[in-house]
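Undergrad: Let me give you the structure first, and then I'll get to my questions.
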Amino acid sequence: MNLCMIGTGYVGLVSGTCFADLGNRVFCVDKDKNKINKLNSGISTIYEPGLDELIKKNYSVGRLVFTDNLKKAIAKSELIFICVGTPNKKKSNDVDLSYVFKAAKEVAKSTKNKKILITKSTVPVGTGDTIEKLLKKLKKKNIEVISNPEFLREGEAIRDFRFPDRIVIGSNRKKYFNILKKLYQPLINKGANFFTTSRRGAELIKYASNAFLATKITFINELANLCEKANINIEDISLGMGSDSRIGSRFLRAGPAYGGSCFPKDTKGLISTGDKFKTNLSIVKSVIKSNENRKRIHTEKIKKILGSLKGKKIAFLGVTFKPNTDDMRDSVSLKMIPSLCKSGSKIYYYDPTGPKVNFKNIKNCQYKKNIKETCKDVDLIVLHTEWDEFKSLEFKKIVKKRSFSIFDLRNLYDHKQMKNKKIKYFSVGRPSSS
Ligand code: UDX
């Protein structure tokens, strides 16, 4: 089939490339000429393991076309996916849908023919209805609006596209389910569950899924706080709970506050939907509050470990919100590092994806090009992101200082191992004897 992806970000570029890899011809459209030029010269504009090769493979055989000419791309496509950003509005939980509506208007102005317009961006319940009204106003009743949310995790997006737990299609007219089923048939043949519902149903499934995952993580994180006081190992609780098939073991790993481009945004977006329909989503509200509070708890824990923050040297290993991505959005480090610097500490950080502009103007915060340089004479090492290269470090060889501590936010090491090496070691939700 011929597809058009509007927006070449984490959703549009990954989905477009993977659709091309299934044999479709895909036009990836972006207003940003610089991005299109980079993509046409074989440079991926996002950090996603395996994406570069997949882009090159499909681009070289003409299945993948990068252009800023939306009109031409729409003329050649039956299915048009809206994959533009839907950020939170600055001063509220509301979602900024200006890019979505702009894209829909441009599609309406670019064609007189029958088209299927599919929202793949995460959009609040009722967005499809608003787009439909907008199209009617522009006398474009022959454009059908469908919801097909994505469930891609950064760092695992290609795998999540190829082996989705489910494909969700939302339409108010059943006859459109078949065309989307044809598009996704190769994944359905490999076992993906093809799930159809109303358009609003599909829009809510996306928010509800992310909010539930955020709730699951926050739940285990709060239990980790209890475990630290009650001398229990949170990892046993995760295993003991997770082996109940009704609970499931994934997303039950205690750590720092969750971050990323989705959970923080989508939990707030869901609250805003609740407000719109006069429904109080109290659990989601408490998840947001608890997660925000966790950043403070862990920053205060660092102060407790060091006794005082003034003049102390602290190394951060990893600053992105999770491994295998360069994404800093809502990463815990964005709150912890400025707060520690403000209290008089000196921060050195290393991240496999390089220095971050977020810390550029923060006095006493310096990027170091490798682990050794970062850690050599610090008082504390914070293991912030669980990159593989941080999982088997010989700390005694790396840190020249006689006495130093480690705060392992991701429980990559164990207390016994550290005790034997006479390293003062702190982790999340585990007793020092574990
Ligand atoms: C998430 C959803 O998983 C994905 O389905 C959706 O399409 C986009 O949002 P993403 O934000 O890329 O994906 O990352 P994810 O792997 O879900 O992690 C989100 C946050 O939760 C990270 O900060 C991660 O460190 C944290 N996390 C995840 C935990 O703290 N514990 C866990 O067990 C899992």
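Heads up, the sequence shown stops at 1516 in our numbering, and the numbers go up one at a time, no gaps. From the three backbone atoms N, C-alpha and C, an ideal C-beta is built for every residue, glycine too. Bear in mind that the values here come from a model prediction, so they are computed numbers and not experimental data.
Please find out if some non-hydrogen atom of the ligand UDX comes closer than 7 angstroms to the beta-carbon of Tyr1129.
TA: Incorrect: Tyr1129 has no Cβ contact closer than 7 angstroms to the ligand UDX.
Undergrad: Measure the C-alpha to C-alpha separation of Ile1128 and Ser1515 and round it to an integer number of angstroms.
TA: Each residue's Cα considered, the two are about 42 angstroms apart.
Undergrad: Say the cut is 7 angstroms; is the CB of Gly1299 nearer than that to a heavy atom of the ligand UDX?
TA: First, the amino acid is wrong: residue 1299 is Ile here, not Gly. Answer for Ile1299: yes, Cβ within range of the ligand UDX.
Undergrad: Report yes if the C-beta of Asn1292 is less than 7 angstroms from at least one heavy atom of the ligand UDX; otherwise report no.
TA: Checking every heavy atom of the ligand UDX against the Cβ of Asn1292, one is found closer than 7 angstroms.
Undergrad: Ordered along the chain, which non-local residues of its own chain (more than five positions away) have a Cβ less than 6 angstroms from that of Gly1124?
TA: Excluding residues within five positions, the ones whose Cβ falls inside 6 angstroms are Lys1138.
Undergrad: Could you check if Asn1119 is buried or exposed, using at least 16 other CB atoms within 10 Å of its CB as the buried criterion?
TA: The residue in question, Asn1119, is exposed, as its Cβ has fewer than 16 Cβ neighbours within 10 Å.
Undergrad: Keeping to the same chain, check which residues put their C-beta closer than 6 angstroms to that of Cys1344; ignore five residues upstream and five downstream.
TA: Here the set comprises Asn1292.
Undergrad: Does the beta-carbon of Asp1344, which I'm using as the reference point, lie nearer than 7 angstroms to any heavy atom of the ligand UDX?
TA: A quick correction: the sequence has Cys, not Asp, at residue 1344. Yes; taking the cut-off as 7 angstroms, the Cβ of Cys1344 has a heavy atom of the ligand UDX nearer than that.
Undergrad: According to the neighbour-count rule (16 or more other Cβ atoms, all chains shown, within 10 Å of its Cβ), is Gly1426 buried or exposed?
TA: By the 10 Å Cβ count, Gly1426 comes out exposed.
Undergrad: In the structure shown, what three-state DSSP assignment does Phe1398 receive?
TA: Strand, per DSSP.
Undergrad: Please report how far the alpha carbon of Tyr1181 lies from the alpha carbon of Phe1301, in whole angstroms.
TA: Those two C-alpha atoms are separated by around 34 angstroms.
Undergrad: Are Cys1165 and Gly1091 closer than 8 angstroms when you measure CB to CB?
TA: Result yes, Cβ atoms of Cys1165 and Gly1091 sit closer than 8 angstroms.
Undergrad: For the alpha helix (DSSP H) holding Phe1477, just list the boundary residues, first then last.
TA: Element bounds for Phe1477: Phe1477 to Ile1480.
Undergrad: Quick one, are the C-beta atoms of Ala1185 and Cys1086 less than 8 angstroms apart?
TA: Not a contact, by the Cβ cut-off of 8 angstroms.
Undergrad: State the DSSP-derived secondary structure class of Asn1375, mapped to helix, strand or coil.
TA: Looking at Asn1375 - three-state DSSP - the assignment turns out to be helix.
Undergrad: Rounded to a whole number of angstroms, what is the C-alpha to C-alpha distance between Lys1445 and Phe1245?
TA: About 45 angstroms.
Undergrad: Using DSSP with H/G/I as helix, E/B as strand and the rest coil, what is Glu1518?
TA: Nothing in the structure corresponds to residue 1518, since the chain is present only between 1083 and 1516.
Undergrad: Identify the continuous beta strand (DSSP E) that holds Lys1153 and give its terminal residues.
TA: Run containing Lys1153: none in the beta strand (DSSP E); it sits in the alpha helix (DSSP H), Leu1152 to Ala1157.
Undergrad: Which residue comes first and which comes last in the alpha helix (DSSP H) that contains Val1182?
TA: From DSSP, the alpha helix (DSSP H) with Val1182 extends over Ser1180 to Ser1192.
Undergrad: Report buried or exposed for Ser1253, applying the criterion of at least 16 other Cβ atoms within 10 angstroms of its Cβ.
TA: By the 10 Å Cβ count, Ser1253 comes out buried.
Undergrad: Leu1391 to Gly1237, Cα distance in whole Å?
TA: Approximately 34 angstroms between the Cα atoms of the pair.
Undergrad: Arg1484 to Glu1476, Cα distance in whole Å?
TA: Straight-line Cα distance between these residues: approximately 14 angstroms.
Undergrad: Is DSSP giving Asp1103 helix, strand or coil here?
TA: If DSSP states are grouped into helix, strand and coil, Asp1103 belongs with the helices.
Undergrad: Can you tell me whether Val1093 is buried or exposed, with buried defined as 16 or more other CB within 10 angstroms of its CB?
TA: So Val1093 ends up on the buried side.
Undergrad: By Cβ distance, which residues of its chain are closer than 6 angstroms to Lys1288, with the 5 residues on each side in sequence left out?
TA: Within the same chain, Lys1288 has close Cβ partners Thr1204 and Pro1231.
Undergrad: Beta-carbon separation of Thr1381 and Leu1422 under 8 angstroms?
TA: Yes, they are a contact pair.
Undergrad: Taking the alpha-carbon positions, what's the Asn1375 to Cys1447 distance?
TA: Distance between the alpha carbons of Asn1375 and Cys1447: 23 angstroms.
Undergrad: For Lys1222, does the three-state DSSP call read helix, strand or coil?
TA: Residue state, collapsed to three classes: coil.
Undergrad: When burial is assigned at 16 or more other CB atoms within 10 Å of the CB, is Val1177 buried or exposed?
TA: Answer is buried; the Cβ neighbour count reaches 16.
Undergrad: Please state whether the Cβ-Cβ distance between Thr1402 and Thr1467 is less than 8 angstroms.
TA: Against a cut-off of 8 angstroms, the Cβ pair of Thr1467 and Thr1402 comes out as a contact.
Undergrad: Could you tell me which of Asn1493, Phe1163, Phe1489 and Lys1153 sits nearest to Ile1088, measuring between CA atoms?
TA: Cα-wise, what sits closest to Ile1088 is Phe1163.
Undergrad: Mapping DSSP to helix, strand and coil, what is Ser1229?
TA: Three-state result, Ser1229: strand.
Undergrad: Taking C-beta to C-beta, are Leu1334 and Lys1298 nearer than 8 angstroms?
TA: Going by C-beta atoms, Leu1334 is nearer than 8 angstroms to Lys1298.
Undergrad: Buried or exposed: which applies to Ile1379, given that a residue is buried once 16 or more other Cβ atoms fall within 10 Å of its Cβ?
TA: So Ile1379 counts as exposed.
Undergrad: Is Gly1376 a contact residue of the ligand UDX, with contact defined as CB to any heavy atom under 7 angstroms?
TA: Per the sequence shown, the amino acid found at residue 1376 is Arg instead of Gly. Arg1376: no, Cβ never under 7 angstroms from the ligand UDX.
Undergrad: Report yes if the C-beta distance between Ala1306 and Tyr1340 is below 8 angstroms; otherwise report no.
TA: For Ala1306 and Tyr1340, no; Cβs fall outside 8 angstroms.
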